[in-house]
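Chains D and S, in that order, are what the protein sequence lines are.
Going by the numbering used here, the letters in the first sequence line up with residues 532 to 811, in that order.
Going by the numbering used here, the letters in the second sequence line up with residues 532 to 811, in that order.
All remarks here apply to the structure that follows.
2 protein chains.
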Amino acid sequence: MPELAYVNGRITPIEDALVPVEDRGYQFGDAVYEVIASYGGKLFCIDEHFARLDRSMKELRFPKVQVDEIRKAAADLFTKADFDRAGVYIQISRGVSPRNHAFPANVPVQVVMTVRKIEEKKPSVRETGICAITVEDFRWGRCDIKTVQLLPNVLAKQKALDAGCYDAIFVSNEGIVREGSSSNLFILTGGVLKTHPLTPDILPGITRALVLDICLEKKYPVKECFFDKSELYGSDEVFLTGTITEVLPVIKIDGRTVGNGKIGSAAITLQEGLLGRLKK
Amino acid sequence: MPELAYVNGRITPIEDALVPVEDRGYQFGDAVYEVIASYGGKLFCIDEHFARLDRSMKELRFPKVQVDEIRKAAADLFTKADFDRAGVYIQISRGVSPRNHAFPANVPVQVVMTVRKIEEKKPSVRETGICAITVEDFRWGRCDIKTVQLLPNVLAKQKALDAGCYDAIFVSNEGIVREGSSSNLFILTGGVLKTHPLTPDILPGITRALVLDICLEKKYPVKECFFDKSELYGSDEVFLTGTITEVLPVIKIDGRTVGNGKIGSAAITLQEGLLGRLKK
């Protein structure tokens with residue numbers, strides 16, 4: 532099967548999938564989304580992704596939606612596309628209505644999905660780790676809601692690429708390290724793993740939660756706490772976590788070598804632990 | 532003629548105008564826009580709007596675009612729709628490409644326009660002024676670029692409506708008064724008009740610039756400077772400015788009466804001055 536799209540029940544090849552120009556997702560970024568990865572033909576963490584999607588819609592006061600129906604449609608679309616290793620993208624917008632900032636009355640949400648093969652990273656990326664830059668966190672104040680307000684993330688990612696790096700790490704103007712442009716961030720320092728606590732400033736990552744859970748299981752000391760750029764630079768290990776990212780070691784930040792410049796054992800163990808969860 | 536849309540050269544009724552689901556405007560909010568108003572069948576400040584559109588695209592490093600051609604297409608669409616009093620909405624996105632944060636290579640921008648009749652505000656709104664609330668400015672850090680990163684503006688506007696008010700005024704977490712949810716803001720205090728200076732935190736409004744120019748012409752003392760919420764509350768007059776808003780007096784903020792609770796003479800004079808410019 533080709534890569535497929537779904538628009539409000541209609542399934543087509545992706546290039547034929549269209550939405551109205553007055554979809555609020557298009558004119559206001561008034562839309563939420565999820566990306567679900569499959570491994571071996573099975574969608575991973577589907578409960579967690581749909582729970583977060585539901586929360587995102589509630590936080591934005593979207594009209595009531597039958598999340599179970601969307602979940603079933605997503606599973607059906609994935610089955611139809613028949614890929615072992617795919618990313619299912621689900622975007623729900625507040626609906627179609629003549630342009631006006633105020634919430635429209637009695638307008639149904641728009642449900643759009645795509646299924647695409649996941650292009651695996653070059654093995655060298657996971658074997659040697661990646662380089663990153665830090666950028667000022669200039670995103671909006673509700674990064675805990677997974678919306679398409681992603682232009683700052685786009686600009687940060689491109690800035691990293693232009694600098695010959697793989698990703699950008701957002702740092703607040705007070706120096707607090709937040710997360711990557713599409714991933715959460717962990718550091719290992721003084722034998723303790725640290726990651727930013729859940730606040731409106733970061734995404735409540737599903738892989739982040741899995742990694743925290745694996746740390747508990749393995750009795751790794753771990754703390755959800757704030758840390759600043761100097762602690763980031765001085766860490767023994769740094770890694771990003773995310774649905775597509777998995778656990779990805781960072782070996783250089785702003786040109787400074789992290790730890791000994793090689794991928795660290797915590798990252799390796801947690802990546803193995805994460806992939807181990809797929810078999811459960 | 533009906534209200535019309537334009538998508539990359541194709542003109543249709545608005546409800547038939549569609550864009551691909553992988554338009555970056557839809558999945559990342561990676562798009563800029565303008566709204567141009569017409570009076571008496573003539574587009575107002577078209578040079579200024581296209582100059583700002585061009586700047587927005589340059590700031591975001593969009594692929595090179597023939598702005599003059601888009602301008603001609605906008606004028607043609609407006610002529611075809613044949614309204615005296617219309618809003619021409621122009622949105623340009625970075626293009627269509629499989630979802631990936633990085634800028635896509637060799638992909639043309641997407642140009643979408645709509646022409647809709649402007650629904651005039653009830654006369655009472657302009658005669659008696661409006662009520663507003665203040666909300667924390669939780670927008671991203673580049674509000675000077677006119678992008679569709681508008682979800683915070685949507686949420687602020689809706690919060691105002693829910694509170695029985697007309698609009699919301701963004702105030703920074705240090706207490707600096709920025710602007711309305713889709714307009715700039717002026718205050719009159721101690722005989723001086725004040726408005727937020729042009730920084731990345733506010734939109735460089737075209738009506739704002741016109742109002743500043745009219746102030747010069749009329750020799751009104753005017754200052755582009757920061758002011759805080761207590762100065763806002765204590766003002767003799769407060770008004771919003773914008774393409775559709777024009778000059779709109781605010782008579783109550785957070786339940787507190789502004790000045791004597793009636794629309795003020797500065798706002799009245801500047802609104803007259805603005806409408807006077809239409810005849811030039």
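Backbone N, C-alpha and C fix where the C-beta goes; we use that ideal spot for every residue, glycine too.
Being a predicted model, the structure only gives us computed values, none of them experimental.
Looking only at C-alpha atoms, which of D:622, D:710, D:679 sits nearest to residue 539 (chain D)?
Position 8 of the first sequence, counted from the start, is the residue given in the question as residue 539 (chain D). If we check each option's Cα against that of residue 539 (chain D), D:622 comes out closest.
Applying the 10 Å Cβ sphere with the 16-neighbour rule, what's the burial state of residue 573 (chain S)?
The sequence position of residue 573 (chain S) within the second sequence is 42, counting from 1. Classification of residue 573 (chain S): exposed, given that the 10 Å Cβ count is below 16.
By the 7 Å beta-carbon criterion, what residues does the segment 633 to 652 of chain D contribute toward chain S?
633, 634, 643, 645, 647
Using a Cβ-Cβ distance under 8 Å, would residue 620 (chain S) count as near chain D?
The sequence position of residue 620 (chain S) within the second sequence is 89, counting from 1. Cβ-Cβ to chain D under 8 Å: yes for residue 620 (chain S).
Output, in chain order, the set of chain D residues within a Cβ distance shorter than 9 Å of residue 703 (chain S).
As a first step, residue 703 (chain S) must be located in the second sequence, where it is residue number 172. Residues of chain D passing the Cβ test: none, with the nearest at roughly 11 Å.
Per DSSP, cross-strand counterpart(s) of residue 715 (chain D)
Working through the first sequence from its first residue, we reach residue 715 (chain D) at position 184. Answer is D:772, bridged to residue 715 (chain D).
Please give me, in chain order, every unbroken run of the alpha helix (DSSP H) with length at least 4 that falls completely inside the segment 595 to 663 of chain D.
598 to 612, 654 to 659
Along the segment 576 to 597 of chain D, what residues have a CB closer than 9 Å to any CB found in chain S?
591, 592
For the candidate residues S:663, S:556, S:591, whose alpha-carbon lies nearest to that of residue 771 (chain S)?
Here residue 771 (chain S) corresponds to residue number 240 of the second sequence, with the count starting at 1. Cα-wise, what sits closest to residue 771 (chain S) is S:663.
Specify whether the segment 601 to 617 of chain S and the segment 758 to 767 of chain S touch according to this definition: at least 3 beta carbon pairs, one from each stretch, less than 8 Å apart.
no
CB contact flag (residue 642 (chain D), residue 550 (chain D), <8 Å)
Taking the first residue of the first sequence as 1, we reach residue 642 (chain D) at position 111. Taking the first residue of the first sequence as 1, we reach residue 550 (chain D) at position 19. A distance of 8 Å or more separates the beta carbons of residue 642 (chain D) and residue 550 (chain D).
Extent of the continuous alpha helix (DSSP H) run through residue 745 (chain D):
What you label residue 745 (chain D) is simply residue 214 of the first sequence in a count that begins at 1. Where residue 745 (chain D) is concerned, the enclosing alpha helix (DSSP H) stretches over 737 to 748.
Between which residues of its own chain and residue 754 (chain D) is the CB-CB distance below 6 Å, once the five residues before and five after are set aside?
If you number the first sequence from 1, residue 754 (chain D) lands on position 223. Same-chain partners within the cutoff: 723, 725.
Check whether the Cβ atoms of residue 584 (chain S) and residue 537 (chain S) sit closer than 8 Å, and answer yes or no.
Position 53 of the second sequence, counted from the start, is the residue given in the question as residue 584 (chain S). Position 6 of the second sequence, counted from the start, is the residue given in the question as residue 537 (chain S). It is not a contact, given that the beta carbons lie outside the stated cut-off.
Taking 8 Å as the CB-CB cut-off, is residue 684 (chain D) touching chain S?
Locating residue 684 (chain D) in the first sequence gives position 153, counting from the first residue. True, the Cβ-Cβ gap to chain S drops below 8 Å.
Strictly under 8 Å for the Cβ-Cβ distance: is residue 545 (chain D) near chain S by that measure?
Walking along the first sequence from the start, residue 545 (chain D) turns up at place 14. Closer than 8 Å to some Cβ of chain S, the Cβ of residue 545 (chain D) qualifies, so yes.
What does DSSP give as the partner residues of residue 724 (chain D) in its beta bridges?
As a working mapping, residue 724 (chain D) is identified with position 193 in the first sequence. In the DSSP secondary-structure assignment, residue 724 (chain D) is bridged to D:719, D:753.
Cβ-based contacts, 7 Å cut-off: residues of the segment 687 to 714 of chain D near chain S
When C-beta distances to chain S are compared with 7 Å, the residues of the segment 687 to 714 of chain D below that value are 688, 689, 692, 712, 713, in chain order.
Going by Cα to Cα distance, which pick from S:659, S:701, S:648 is closest to residue 667 (chain S)?
For the purposes of this step, residue 667 (chain S) is identified with residue 136 of the second sequence, where counting begins at 1. The option with the nearest alpha carbon to residue 667 (chain S) is S:701.
Run of the alpha helix (DSSP H) containing residue 590 (chain D), from where it starts to where it stops:
Position 59 of the first sequence, counted from the first residue, corresponds to residue 590 (chain D). Segment 577 to 590, the alpha helix (DSSP H) holding residue 590 (chain D).
Just by C-beta distance, which residues in the segment 660 to 677 of chain S are closer than 7 Å to chain D?
669, 670, 671, 672, 673
Return no unless some Cβ of chain D is closer than 8 Å to the Cβ of residue 551 (chain S).
By one-based count along the second sequence, residue 551 (chain S) stands at place 20. Yes, residue 551 (chain S) lies at the interface with chain D (some Cβ there is under 8 Å from its Cβ).
Can you look up residue 701 (chain D) in the DSSP assignment and give me helix, strand or coil?
Residue 701 (chain D) sits at position 170 when you count from the first residue of the first sequence. DSSP places residue 701 (chain D) in strand when its eight states are reduced to three.
Anything in chain S within Cβ reach of residue 548 (chain D), meaning under 9 Å, just list it in chain order.
What you label residue 548 (chain D) is simply residue 17 of the first sequence in a count that begins at 1. The answer, in chain order, is 551, 552, 553.
Looking only at DSSP bridge pairs, what is residue 547 (chain S) linked to?
Residue 547 (chain S) sits at position 16 when you count from the first residue of the second sequence. Looking at the DSSP assignment, residue 547 (chain S) forms no beta bridge with any residue, so it has no partner.
Cβ-Cβ distance between residue 797 (chain S) and residue 716 (chain S) below 8 Å:
Within the second sequence, the letter at position 266 stands for residue 797 (chain S). Within the second sequence, the letter at position 185 stands for residue 716 (chain S). No, the pair does not count as a contact, with Cβ atoms beyond the cut-off.
Check whether the segment 562 to 578 of chain S and the segment 768 to 782 of chain D are in contact - that is, three or more C-beta pairs closer than 8 Å.
no
Less than 6 Å between C-beta atoms, sequence neighbours within five positions excluded: which residues of the same chain meet that for residue 742 (chain S)?
For the purposes of this step, residue 742 (chain S) is taken as residue 211 along the second sequence, with counting starting at 1. Contacts found: 772, 801.
Comparing C-alpha positions only, which one of S:566, S:591, S:750, S:769 sits nearest to residue 804 (chain S)?
Within the second sequence, the letter at position 273 stands for residue 804 (chain S). Selected option, being the one with the closest Cα: S:750.
Taking Cβ to Cβ, would you say residue 600 (chain D) is nearer than 8 Å to residue 737 (chain D)?
For the purposes of this step, residue 600 (chain D) is identified with residue 69 of the first sequence, where counting begins at 1. For the purposes of this step, residue 737 (chain D) is identified with residue 206 of the first sequence, where counting begins at 1. It is not a contact, given that the beta carbons lie outside the stated cut-off.
With 8 Å set as the bound, which would you pick, yes or no: does the beta-carbon of residue 560 (chain D) sit closer than that to a beta-carbon of chain S?
Start at 1 with the first residue of the first sequence, and residue 560 (chain D) comes out as number 29. Yes, because at least one Cβ of chain S sits closer than 8 Å to the Cβ of residue 560 (chain D).
Counting along the chain, where does the alpha helix (DSSP H) carrying residue 803 (chain D) start and finish?
Position 272 of the first sequence, counted from the first residue, corresponds to residue 803 (chain D). Per DSSP, residue 803 (chain D) belongs to the alpha helix (DSSP H) from 796 to 808.
Residue 640 (chain D) and residue 596 (chain D) look like a contact to me (Cβ under 8 Å); what is the Cβ gap, rounded to whole Å?
Position 109 of the first sequence, counted from the first residue, corresponds to residue 640 (chain D). Position 65 of the first sequence, counted from the first residue, corresponds to residue 596 (chain D). Yes, residue 640 (chain D) and residue 596 (chain D) are in contact; Cβ-Cβ is about 6 Å, under 8 Å.
Where residue 666 (chain S) falls: helix, strand or coil (DSSP):
Indexing the second sequence from 1 puts residue 666 (chain S) at position 135. Looking at residue 666 (chain S) - three-state DSSP - the assignment turns out to be strand.
Residues of chain D with a CB under 8 Å from the CB of residue 734 (chain S): which are they?
Taking the first residue of the second sequence as 1, we reach residue 734 (chain S) at position 203. Close to residue 734 (chain S), with beta-carbon spacing below 8 Å, lies no residue of chain D; the smallest spacing is near 14 Å.
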